[in-house]
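Asks: The structure follows.
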Amino acid sequence: AINLDKCVNGRTSLGGPAPQNVLKEAKRIEKILKEQDK
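In this note's numbering, the protein residues as written are 7 to 44.
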């Protein structure tokens, strides 16, 4: 059987759906939105 949690959490491809990339992009978007509110 394949453990999907392990597969997703183990992703490291740059620009792909790796957890680190998703979090980094979310922080970047939050920063943009905060700057627009000023």
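Every residue, glycine too, gets a C-beta built ideally from N, C-alpha and C. Remember, predicted model here, so these are calculated numbers, not experimental data.
#1: What's the C-alpha gap between Pro50 and Asp11?
#2: Which stretch, first to last residue, makes up the alpha helix (DSSP H) that contains Pro25?
#3: Here's a check: name, in chain order, each residue in its chain whose Cβ is nearer than 6 angstroms to the Cβ of Glu36, leaving out the five neighbours to either side.
#4: In this structure, how does DSSP classify Asn9 when only helix, strand and coil are distinguished?
Replies: Result, derived from the coordinates:
#1: A query on residue 50 cannot be resolved here, the shown segment of the chain reaching from 7 to 44 and no further.
#2: Pro25 to Gln42
#3: none
#4: coil
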